[in-house]
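As given, the protein sequences belong to chains W and D, one line each in that order.
All the letters of the first sequence, read from the start, carry residue numbers 248 to 956 under my numbering.
All the letters of the second sequence, read from the start, carry residue numbers 248 to 956 under my numbering.
There are 2 protein chains.
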Amino acid sequence: MNRPADIRYLFEPRSVAVLGASADRSKIGYRLVENIVRGGYAGKLYPVNPKGGELLGQKVWRSLDEVADEIDMAVIAVPAKGTYQAVEQCARHGVKHVPIITSGFSEMGNAEEEHRIVRLAREHGMRVLGPNIFGVFSAKSSLNATFGPPGIQHGSVAIVTQSGALGIAMIGKTAVENIGLSAIVSVGNKADIDESDLLTYLMADEQTRIVLMYIEGVQHGERLVATLKQAAIKKPVVVVKSGRSKRGAIAAASHTGSLAGSDEVFDAIMRQCGVMRGESLEEAFNWCKFLAAAPTPRGENTVIVTNGGGIGVLATDASEKYGVKLYDDARLLKETFGSVTPDFGSTKNPVDLTGQAGPQQYDAALAAALASEHIDATLALYCETAIFDAQNLAGMIRSNADAYRKGGKPIVFSTLGGEMTESCIGVLRKESVPVFGEVYQAVSCLGALYRQRRHIAEYSDAVDEADIDIGLVEKAVASARAAGRTFMLPRESRELMRAIGVAMPQNAVAHNLDEAVKAAETIGYPVVMKIVSPEIIHKSDAGGVALDLENKEEVIDAYQAINVNARRYKPDARIEGVEVSQMLVRTTETIVGARQDKAFGPTVMFGLGGIYVEVMKDVAFRAAPLSRKEAQLMVKEIRSYPLLLGVRGEKRKDIEAVVDTILKLATLVRRCRAVSDIELNPLVVYDHGQGVKALDVRVLLSSSLSSND
Amino acid sequence: MNRPADIRYLFEPRSVAVLGASADRSKIGYRLVENIVRGGYAGKLYPVNPKGGELLGQKVWRSLDEVADEIDMAVIAVPAKGTYQAVEQCARHGVKHVPIITSGFSEMGNAEEEHRIVRLAREHGMRVLGPNIFGVFSAKSSLNATFGPPGIQHGSVAIVTQSGALGIAMIGKTAVENIGLSAIVSVGNKADIDESDLLTYLMADEQTRIVLMYIEGVQHGERLVATLKQAAIKKPVVVVKSGRSKRGAIAAASHTGSLAGSDEVFDAIMRQCGVMRGESLEEAFNWCKFLAAAPTPRGENTVIVTNGGGIGVLATDASEKYGVKLYDDARLLKETFGSVTPDFGSTKNPVDLTGQAGPQQYDAALAAALASEHIDATLALYCETAIFDAQNLAGMIRSNADAYRKGGKPIVFSTLGGEMTESCIGVLRKESVPVFGEVYQAVSCLGALYRQRRHIAEYSDAVDEADIDIGLVEKAVASARAAGRTFMLPRESRELMRAIGVAMPQNAVAHNLDEAVKAAETIGYPVVMKIVSPEIIHKSDAGGVALDLENKEEVIDAYQAINVNARRYKPDARIEGVEVSQMLVRTTETIVGARQDKAFGPTVMFGLGGIYVEVMKDVAFRAAPLSRKEAQLMVKEIRSYPLLLGVRGEKRKDIEAVVDTILKLATLVRRCRAVSDIELNPLVVYDHGQGVKALDVRVLLSSSLSSND
């Protein structure tokens, strides 16, 4: 299922058939043929319809069986009930790729027919796109095999969209914004070809400079993560994912039938992959348009040039929000801008040319910034004034944008004013000059450029697998499975911890009072005692836990109390004994967990003590496998991270041991898929160099048999 | 200084003089006269310039002294060095209001001259606007006394801006967006007239439906809070405040010379006042335009109507973000939309008309929503399709917007598509139809409408002052002051707590070992002991604290150790004794504080235990005075609030006692301005009904003398 796809002929077909071609102009089958013909496709086109005839100057074939030529791609636009037969026709003919426009399958609850079609296609080595899509556009082949609008502008942005309606509207929007496309593909129900397949092609496609994806739900997330990681260091990848909110997730599920999964996990994993997630389509389009054309800055020193102090302050706020670093060497700023700034202005960043500035002052200041080896990018702001006539605005912006492009330095403009200023924005945006009517949008684009640069600089494809004893892991799993359980008993969890090398407090299981006392004396006071019973999972609720037992007498009392309580709580519970363990000083408590995420497969999570995770939702996620560096970033990401560094005179905690533990769990859930959920809670973290200890371990197993890969 | 201003003639002057009127078209003094004349001002205009002559058909007077008529407003546009004399001229003539356009005063470090001018004006009963402003526009008088663009569109939005350059650009932007203005005023250096004065006028002005303010720094914040509270229940108040970020705050300070203050405090207090803060100017403009025209919804049941599932999901996400409640009675939705939705669509909210929908389907669905008594507002989405030709889009939107306006129900539209769709947005926005090109913007406007509605419904002007013994408070303050201290010793803080009725642990100060033992026995073990010395503030650092002393022997040891440590730490410290106090069970710890904020005066803060405030920044602020309800909302606002409700089987904490304590501190810092800063840290909160106890109290006093109001 997960083999790398060769879907080249989806974008570069030498011949295309349209099954369901129609002379009825209101039909999709007409629109498709029309778009292909008018779009200037240079390969061979075979419209197919049992009625035969002619359509837009093309012969209509009664069946694919009549066609002698090899067919790379057959677009299917017949009704749902005829789709299987159409695919059979393609199979007979040896077609390579089958985009199925037709809807009425899994998105309507009819998953069985969809599976049947995909099975058939695969048996004949065909790849299916869709069903339930608007088609494919590829600039490379001048192929508009969609029923969307004609005249798609060619360019360097590739769009992959799960929603067809949104995709068609996006084609229109990109035309308005003068965003040229290298490709646009709708994936629909993703019965076969998915985002990963398309990304694999697009990241190698030299015409595509940036990829924009609209996602509603993730399937085969593990492969998606691996592909995104590879893609995002080759070219910027921007994602808009709907279903952020709980209600939105439900709406998305009912829309495409795919599970949205947890938005926090999605968000974290996109960051891990270096993928930029836009909140709105507008933000994503802005980024794409800017990133497709902007030169890569050498560094991050940014300077703001403005004719208004107020707008300069707003831009400064926006710079902090979007991680844009403002250059602040006062001496060098003065040196660079002193001669081009009036005395009552400011050479501090924002450089304030004041309301007296005209085009000449802007030209001089922007040229100075361009020439400076200390400045890597410029943000130019303009507030409409009587001094600087907006009629001269477009010229000033155009010439400076041009100079920066030639000089290989990024620049963005943001202007505020009346009709003239607005129409200047409109004209320049059509020319793909990066001009915005809102400071936050301008700075957001610059921020995206820096993020992309930073990601590439920091990226490493290292994977730090931990050294775990997989044999011992499987033994522990087998023990639980043999007893028909989907959870582990304490001794099995303990064995699992031994297998992956995570320390736990010393302990022993006592089967009578004597053994309990002996165990306590061996371990050393104080000790903790807990009931051991496969039927009692919530031990505290059952009165089955006693803490801080300081001597023999307390152990005796507690042993009896625990047994009585447990029996009262669940009279028929099998009681296997009482666990006696070392009572630890509980200093800094963390939670480290791992699970088989429904969308992304093996994932890890980390957070501080119970309250921080439960109440403050202060938790970080990553997809496995991950590198040590990624695990370190994950630990640093939580808001409560300063507690691990030591606050109020406390020592730094053993952060490296936490990172080790994360890597161990990541390796565990990667290599042993039977472990569906594991949580060390709490994982007590000692001072730097002193390690960590898991006080409690909860392990859940998948109900199916172990399927180690 | 804080008397309510009568600034009516700033907006409704019967006569206006312009000092510094000029025939030189490049001068502000020309532009001002031109704007007043061309703007159609109906009152009397007196251009003044020592050269005399004629200007734009108006006689130019050599001096105000020549004018016999009464002058309500004199706009000053002479150079900085001539400004004082110009104001003298106004004073002689009995002018009422003096907007000073001229810059070069406190914003350039020349505060002395500015003070001198304001003093002079006040001595003659004149109010000053500015200096350093672009002027005043008032629709009521058709008076454009600004040097901004001509032809300002009349309407119902009033703008108050601290930045002149931004203000001028905003005039242009409002014209583009077809936002009509009732007034626009630049406040500049706010040497006299400030936002509160203007708000007081604007909230009573029947032409103004909404107020938009751009603020960089707050002065006289206490009065501003009181005024904003009054204003925001009369009409929506929208604020954009720059200087959110640290760097932005510095930039703002250097721009207008005003202190930005803490952005968190500003943000919290705006929410308290019911003021809506826009992040960007675009957001603020969108809200203003929408709120100025939208009918007030009766309830909050919102329905989304769409022709695309994807865009519907995005709108659902946005609804959660902006607090828009989606109606979800499936039965009623089906009843309402069943007949107008195709079978393969959805009557769930979002109501999906599918890509097959044309204008008729929209008309039917929007009419059904308008007619339904269960639906209070509609969000209509459109993705460009081949079925629904964008040429018919404007007509559909216009007629439905009209029907909703007549029906008194709010509706917003969001569309996505190509050139035709975009130009439709442009045309309709000019007609002030609420159409957006981005779903998040559309939903944000609806969210703002609901927030305003909710604020008015929940508002109460109640102020819950606590019953505190102000005599005892002043005694404690006097005691510290008499010793020349700006902080309180433990016994003074304890007295203060008694005065306001906040419980502390039992305690006594022992002057020798015998007394210490006796105190411990009286209080009951365990006890805590702390050194008492005016020279030792950080007692723990000095080894001057011993916790959990369980018997006489431990008290004896600790007494000696504490004294030795303290003497070693600071050999010349006066040691007044050792405080012995009850050792409390420290369960849930909170921090309650109050201070004289530089911008807003008396304010209170609340958060959970040290780490939550220090590391997690989980803290709430409010301006005093406040009502019990406001204090309750403040407590509920923190992320860690669930801890007070009791997690993991714990009991609910005594939240009411926390609220009481907040009100007590609010009253204290309001009534005793000498207390500049007070913090109860920790304030231990017991189970519901068990009260609170302050374990430690830190009190700082202002260095000036007590100035109770």
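Backbone N, C-alpha and C define an ideal beta-carbon position, used for all residues, glycine too.
* Buried or exposed: which applies to W:Ile-254, given that a residue is buried once 16 or more other Cβ atoms fall within 10 Å of its Cβ? -> W:Ile-254 is classed as buried because its beta carbon has at least 16 other beta carbons within 10 Å across all chains shown.
* Asked: At which residues does the beta strand (DSSP E) containing D:Ile-868 begin and terminate?
  -> What sits at residue 868 of chain D in the sequence shown is Phe, not Ile. Taken as a continuous stretch (DSSP letters only), the beta strand (DSSP E) holding D:Phe-868 covers 866-870.
* Measure the C-alpha to C-alpha separation of W:Gly-398 and D:Thr-632 and round it to an integer number of angstroms. => 15 Å
* Anticipated Cβ contact below 8 Å, D:Arg-494 with W:Leu-573, distance rounded -> Right, the Cβ-Cβ distance comes to about 6 Å (below 8 Å), so this counts as a contact.
* Asked: Would you call the CB atoms of W:Tyr-293 and W:Ser-269 closer than 8 Å?
  -> Between W:Tyr-293 and W:Ser-269, the C-beta spacing is not below 8 Å.
* Burial state of W:Val-325 (16 or more Cβ within 10 Å) -> buried
* Rounded separation between D:Gln-332 and D:Ala-438 - CA only -> D:Gln-332 and D:Ala-438: Cα-Cα distance of roughly 17 Å.
* Asked: Relative to the C-alpha of W:Ser-527, which residue among W:Ala-841, W:Gln-753, W:Ser-691, W:Thr-769 is closest?
  -> W:Ser-691
* Asked: Mind checking if D:Ala-641 is an interface residue toward chain W, Cβ cutoff 8 Å exclusive?
  -> no
* What is the DSSP secondary structure of D:Asp-575, counted as helix, strand or coil? -> coil
* Would you call the segment 512-527 of chain D and the segment 462-482 of chain D touching, i.e. three or more CB-CB distances under 8 Å? -> yes
* To do: Within the same chain, show all residues whose beta-carbon is closer than 7 Å to that of D:Ser-726, passing over the 5 residues directly before and after it, in chain order.
  => Glu-739
* To do: Out of W:Pro-597, W:Arg-645, W:Ser-489, point me to the one whose CA is closest to D:Val-686's CA.
  => W:Ser-489
* Which residues, in chain order, does the segment 263-285 of chain D contribute to contact with chain W at a C-beta distance below 9 Å? -> Those residues of the segment 263-285 of chain D that come within reach of chain W (Cβ to Cβ, closer than 9 Å) are Ser-273, Ile-275, Arg-278.
* Boundaries (first-last residue) of the beta strand (DSSP E) holding D:Gln-843 -> 835-844
* Asked: Does any heavy atom of the ligand NAD sit closer than 7 Å to the C-beta of W:Ala-496?
  -> Annotation note on the ligand NAD: not contained in the displayed structure, which lists no ligands.
* Asked: Using Cβ-Cβ distances below 9 Å, what residues of the segment 388-400 of chain W are close to chain D?
  -> Residues of the segment 388-400 of chain W with a C-beta atom less than 9 Å from some C-beta of chain D are Phe-394, Gly-395, Pro-396, listed in chain order.
* Asked: How big is the Cα-Cα spacing for W:Pro-818 and W:Gly-790?
  -> Answer to the nearest angstrom: the Cα atoms are 13 Å apart.
* To do: Compare the Cα-Cα distances from W:Thr-835 to each of W:Met-863, W:Pro-929, W:Ile-783, W:Glu-301 and report the closest residue.
  => W:Pro-929
* Asked: Is W:Ser-362 helix, strand or coil when you go by DSSP?
  -> In the sequence under discussion, the amino acid at residue 362 of chain W is His, which differs from the Ser named in the question. Helix, per DSSP.
* Asked: Using a C-beta cutoff of 8 Å, does D:Asp-961 count as contacting chain W?
  -> This structure cannot settle anything about residue 961 of chain D, because the visible part of chain D is limited to 248 through 956.
* Asked: So with Cβ pairs under 8 Å, would you call W:Ser-691 a contact of chain D?
  -> Output row for W:Ser-691: interface = no.
* The beta strand (DSSP E) spanning D:Asn-391 covers which residue range? -> 390-393
* Taking only the alpha-carbon atoms, compute the straight-line gap between D:Met-523 and D:Met-417 and give it to the nearest angstrom. => About 18 Å.
* Asked: Below 8 Å, can you find three or more Cβ-Cβ pairs linking the segment 267-286 of chain D to the segment 296-311 of chain D?
  -> yes
* Which one of W:Ala-321, W:Thr-349, W:Ala-327, W:Ser-350 has the shortest CA to CA distance from W:Ala-338? -> W:Ala-321
* Closest by C-alpha distance to D:Gly-556, when choosing among D:Asp-575, D:Asp-599, D:Val-571 -> D:Asp-599
* Asked: At what residues does the alpha helix (DSSP H) containing D:Tyr-629 begin and finish?
  -> That residue, D:Tyr-629, is in no alpha helix (DSSP H); its beta strand (DSSP E) goes 624-630.
* Grab the span of the beta strand (DSSP E) containing D:Thr-662 for me, first residue to last. => For D:Thr-662, the enclosing beta strand (DSSP E) begins and ends at 658-663.
* Asked: Which partner residues does W:Met-320 have in the DSSP bridge list?
  -> W:Val-263, W:His-344
* To the nearest angstrom, how far is it from the Cα of W:Glu-361 to the Cα of D:Tyr-706? -> Cα to Cα, the separation comes out at about 56 Å.
* Let me know the alpha helix (DSSP H) ranges lying completely inside the segment 681-742 of chain W, each 4 residues or longer, listed in chain order. => 686-705, 717-729, all fully within the segment 681-742 of chain W.
* Asked: From the DSSP output, which residues share a beta bridge with W:Lys-488?
  -> Looking at the DSSP output, W:Lys-488 shares a beta bridge with W:Ile-462.
* Enumerate in chain order the residues of its own chain whose CB-to-CB distance from D:Leu-506 is below 7 Å, with the five nearest sequence positions on each side excluded. => With a pLDDT of 43 at D:Leu-506, under the threshold of 50, the modelled position of that residue is not reliable, and the figure given next carries that caveat. Taken in chain order, the residues that qualify are Gly-464, Ala-500, Lys-845, Ala-846.
* Asked: So, helix, strand or coil for D:Ala-386, using DSSP?
  -> Of the three classes helix, strand and coil, the one that applies to D:Ala-386 here is coil, per DSSP.
* Would a C-beta distance cut-off of 8 Å place W:Val-552 and W:Thr-668 closer than the cut-off? -> no
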